[in-house]
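One structure is given here, and the rest of the page talks about it.
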Amino acid sequence: MSIYSHIFDQFQRYNTVKRIVESLPVDQDIKVLEVGANAHFNLSEYLPNAQITFSDLNPSSEEREDFVQADASDLPFESNEFDYVVCLDVLEHVPESIRHAVITECIRVSRKAFIMCCPINNQGRTNIAERSVSAVFKQFHHREHPWLKEHFDEGVPNLHEINQLIESLSVPYMQFNCGQLDWWETMMKLHMMETVDTRFSKVCEEAYLHYNRHLYYKDTGHDCYRSFWVIGDEADKVGGIERLLSSPTESDQSFASLLSVLTEVSISLSNNIRKLQGESDQQNEEIARLEELVSIYTQTQTDLLNSTSWRVTAPLRALTYLLRGDLTHFKVAIAHRMPLVHKAFSSSNGGIKRKFRRACQVFKDEGMSAVIRKISTHITTVNGYNGGPIISAEEYRTWIASKKDADNKEAEQIIHELKSQSGPLISIIVPTYNTDELFLKQCIDSVVNQSYSNWELCLADDASTSEHVRDVIAEYCRRDGRIKAVYREENGHISAASNSAISIAEGEWIALLDHDDELHKHALSYVAHVLERNPQTEFVYTDEDKINERGERFDPHFKPEWNPDLFYSQNYISHLSVYKSSIVRKIGGFRIGFEGSQDYDFLLRYSREINAANIVHIPKVLYHWRAIEGSTALEAGQKDYTTQKGIDALQDHFDQQQTDVQVMKGKNANTYRVKWSTADNPLVSLIIPTRNGKDITKQAIDSILNKTSYRNYEIILVDNNSEDEAALEYFAQLDKHDKVTVLKYPHPFNYSAINNFAVRHANGDIVGLVNNDVEVINSDWLTEMVSHAIRPDVGCVGAKLYYSNDTVQHAGIILGIGGVAGHSHKHFPRDSQGYFSRLNLVQNLSAVTAACLLIRKEVFELVGGLNETDLTVAFNDVDFCLRVREQGYRNLWTPYAELYHYESISRGAEDNPEKIARFNKEVDYMKGAWTDLLTSDPSYNVNLTKRHENFSISVE
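At position 788 of the sequence shown the residue is numbered 788 (the numbering used here), and the sequence of numbers has no breaks.
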């Protein structure tokens, strides 16, 4: 059997050893010891010419002369007895107390090098992935997977601690990561299927073959399952493994997606097989489905490997999600490359689940082309892509169920910590008008059933013509003395009705509740807990979701902390909102004439009376917004007039503050664009570092010179040790341009130092840090960025950057993703709305990329520029933004400045041990300097993932 048929996990370990050994000067005969070989004896297949001794604490299952039973912490061999000692995925199976002894002993008996690998902790993410894999095994075998259980018992080693241990021994070593966690988790779940039923062997074998031949060589990254070490005198001679350290391509990721489909289908089939014992026809149909998928998978390998364009693979990527039943990612996959299919599947008409079932059947019977052909016939009757919920209803339901116990425990603790149920009186304001009887009762019941008791419910009926409304209200008033009502004689609409309810409110705090919505049962307990612990609080808001007629919750909105510029772009605050009664009365309650956006106008006026530091966000879904036909919750576009009312409210807000802005409609319903003045058109110094790269640099500079409508700028090109004659000649020509100055920086590459050096030579009041691999798209990009950069409360301003294939490269930086930071909405199609339209909204973010960043020179100098000591290459922009934020400035990202970004083309990849070591050092620096912010980014939400850049729900 070929080594390519080995399970991928074993191939990854043993083939890496093979490549390491082959990269070193090799004697004709080498002696190798494998410690912890267990029953595999696989190393012989990878090193066929070596003399190998196998050793394990447990006895061998077969008689072998080359096997020695031994304790790895006390090996019965002479020092330097073996050329190489190999120890693969053993350390996590031994107690932490003897790991030092195991490493020491293996080094002792090796002459050239000790090669070791093991899973690494990876900030707890490895444990999550392993438990997910073990859960699949446990689902069918009713116990934890045996060797994974040992990982749980002994604890997966910590990378930093292992490195410290090795360094304490004063021996040379090199270390690198491999095995992306997502890929490992997917493949291992697939592998678990082989333990269930041998019929899954075919799909597993196909997956192993493909991974081993094509994915293994690119299977690395920062979020990896295991680490390798080469320890000993020859560690610094290791070469030829650079390919292992390269990043996956888009095609690789597509293969990985198909693996994920195979995994999910296999698990589903396994469940069905167990349920269908004795029902052979159904069982055979399920097995046939798996075989069909294997066939698709196999053909896809060939199609992608022979592909000359990523565009060709778009149907296959879409197919992945289609077969999975994942509408959100299916739409994202097809939005840019397959617009006809995309539009049809974005339709709100006709039942999306039915469309999927039908599409799957058409695909099975007639192929993917038929799916596209049939859907495209509906093109004139469907709406365009509107982003849709990134978090599917099914994902959300699963998430709610998984957190139920923890949420209940947290709520009990919150209630226990409340000093008294007679804390602040909270008045819940509910205007009613012809409310559906069932929904009205459910709304009132959600208040009556609150775990916090010191509330009053103030109902104001706005002259309903439906008799049941008054009857329901009267009945509840009789039942509970905390419920009171006012009945209006004529209909005045929602603002007037809300003011009527406020007029009978006696509480210190006022909470707003729509007549058909529901409060979470612990909503007021969480609010009261905040008010009790933070007496300076002036405003409280929470996360929310939607609830349909059947009581099913979906589309959760996990909000950031107070984000003024996002609020100027969209009323993201919405529900649940809790206000101080005294301030509500000071501003006169709701204003007549702003119906449709009355809450937005209300909060804009309220915000002028309070200190933003006293706004508290509770990152819990404590409000359920009823989504029924015709409601804003279901489809914002159904109430177009609300957008204009929002524009009116926002323009009035700025007029009252005598701020020179123009408010206009945003790209989506109920979103806004605030255009700020560029005032005196200050000089902008655009700093572009480069080394060689004539063509890419020329493209960047030409696009700035030819496409930028804002004219008061200078370009400072910083040449860092270019030696290419064509580039040097071009730079010399550029230096004669009246808008360009060329500076020489004849020192080793240090991105931070280069930019700090250039800023000292900049004449502008505003400096722009710009990569040499960008290309301007819209002419007013600089006008837009300058208009924000000159605002006195704004620090760094970032732009919207795209890859060359028109997918998002940068939409702001989210802290904590991948351990330090990641790019918001990375790889989303250019025309996607993103999470609750955030790809189309100006907003405050903790950091933006220095690939295109503007800031006032005085602020740049105030914080001391970029950190050229600790962060020479990576994360210097993130650190810089955070130091600017620390000085009280808000960093901002705008989608109205658009450029292409071709990702550090002239610098090359981080693909050698020295660069990787430097990168790891910079990671450690960021984690040490910004621990709290990396844990909880105020511009993000703790309920959203830190593993991906797509605003999906957190499963950590």
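Just so it is clear, CB atoms sit at the ideal spot from N, CA and C, and this is done for glycine as well.
Every value quoted in this text rests on a predicted model; they were computed, and no experiment measured them.
Taking all protein chains shown into account, decide if residue i is buried (16 or more other Cβ within 10 angstroms of its Cβ) or exposed.
i           : result
residue 381 : The pLDDT assigned to residue 381 is 27, lower than 50, so where the model puts this residue is not dependable, and the model offers no usable value.
residue 503 : exposed
residue 643 : buried
residue 605 : buried
residue 227 : buried
residue 955 : exposed
residue 343 : In this predicted model, residue 343 has a pLDDT of only 39, less than 50, meaning its place in the structure is not dependable; the value taken from the coordinates is given anyway. Under this definition residue 343 is a buried residue.
residue 5   : exposed
residue 547 : buried
residue 592 : exposed
residue 551 : exposed
residue 922 : buried
residue 143 : exposed
residue 218 : buried
residue 11  : buried
residue 673 : buried
residue 438 : exposed
residue 641 : exposed
residue 812 : buried
residue 234 : buried
residue 16  : buried
residue 711 : exposed
When the cut-off is 8 Å and only beta carbons count, does residue i lie next to chain B?
i           : result
residue 586 : Within the model displayed, chain B is absent; a lone protein chain is all it includes.
Find the nearest neighbour of residue i within the set the options, judged by alpha-carbon distance.
i           : options            : result
residue 124 : 159, 113, 93, 105  : 159
residue 695 : 725, 713, 664, 721 : 725
residue 431 : 64, 883, 491, 729  : 491
residue 55  : 436, 215, 37, 914  : 37
residue 894 : 715, 676, 72, 577  : 676
residue 401 : 209, 554, 427      : 554
residue 960 : 849, 706, 7        : Here the chain comprises residues numbered 1 to 956, so residue 960 is not present and cannot be evaluated.
residue 828 : 852, 851, 717, 952 : 952
residue 700 : 712, 628, 687      : 687
residue 609 : 657, 824, 224, 411 : 657
residue 466 : 134, 745, 513, 435 : 435
residue 896 : 799, 813, 816, 230 : 799
residue 440 : 461, 433, 516      : 516
Please report the residue range of the beta strand (DSSP E) in which residue i lies.
i           : result
residue 483 : 483 to 487
residue 622 : 615 to 626
residue 179 : 173 to 180
residue 951 : Unbroken run through residue 951: none, as it is neither H nor E.
residue 897 : 890 to 901
residue 137 : Per DSSP, residue 137 belongs to no beta strand (DSSP E); it is in the alpha helix (DSSP H), 125 to 141.
residue 869 : That residue, residue 869, is in no beta strand (DSSP E); it is neither H nor E in DSSP.
residue 690 : 684 to 690
residue 206 : Where residue 206 is concerned, there is no enclosing beta strand (DSSP E), although the alpha helix (DSSP H) it sits in stretches over 201 to 210.
Kindly indicate the opening and closing residues of the alpha helix (DSSP H) around residue i.
i           : result
residue 697 : 694 to 707
residue 147 : 146 to 154
Practice task
Starting from the N-terminal side, write out each stretch of the alpha helix (DSSP H) that is 4 residues or longer and does not extend beyond the region 402 to 458.
Solution key: 437 to 448
Practice task
Take every Cβ of the region 734 to 746, pair it with every Cβ of the region 662 to 669, and state whether three or more of those distances are shorter than 8 Å.
Solution key: no
Handout entry: Segment contact flag, the region 11 to 31 with the region 186 to 201, C-beta cutoff 8 Å, min 3 pairs
Key = no
Practice task
Would you check if the region 932 to 946 and the region 542 to 561 touch, i.e. whether three or more CB-CB distances between them fall below 8 Å?
Solution key: yes
Handout entry: Three-pair Cβ contact test at 8 Å for the region 109 to 118 versus the region 83 to 93
Key = yes
Handout entry: Contained beta strand (DSSP E) runs [length at least 3] in the region 738 to 774, N- to C-terminal order
Key = 740 to 744, 766 to 770
Exercise for the section: May I have a chain-ordered list of the beta strand (DSSP E) segments no shorter than 3 residues that lie completely inside the region 800 to 833? Expected result: 808 to 810, 813 to 815, 821 to 823
Handout entry: Touching by the beta-carbon criterion (3+ pairs, under 8 Å), the region 158 to 172 and the region 200 to 208
Key = no
Handout entry: the region 487 to 501 / the region 522 to 530 touching (three or more Cβ pairs under 8 Å)
Key = no
Exercise for the section: Return the chain-ordered ranges of every beta strand (DSSP E) run that is complete within the region 554 to 600 and spans a minimum of 3 residues. Expected result: 577 to 580
Exercise for the section: Inspect the CB distances between the region 784 to 791 and the region 874 to 883 and report whether three or more fall short of 8 Å. Expected result: no
Handout entry: Touch test, the region 844 to 854 against the region 575 to 586, Cβ-Cβ under 8 Å, three pairs minimum
Key = no
Practice task
Give, in chain order, every unbroken run of the beta strand (DSSP E) that is at least 3 residues long and sits entirely within the region 18 to 101.
Solution key: 31 to 35, 51 to 56, 67 to 69, 82 to 88
Handout entry: Stretch pair the region 411 to 431 + the region 451 to 462: three plus CB contacts closer than 8 Å
Key = yes
Exercise for the section: Determine contact between the region 859 to 877 and the region 703 to 723, defined as no fewer than three beta-carbon pairs at a distance below 8 Å. Expected result: no
Exercise for the section: Would you check if the region 713 to 733 and the region 748 to 766 touch, i.e. whether three or more CB-CB distances between them fall below 8 Å? Expected result: yes
Exercise for the section: Taking 8 Å as the threshold, find out whether the region 123 to 141 comes into contact with the region 94 to 112 through three or more Cβ pairs. Expected result: no
Practice task
Decide yes or no for the touch test of the region 612 to 624 against the region 536 to 544: beta carbon pairs closer than 8 Å, at least 3 of them.
Solution key: yes
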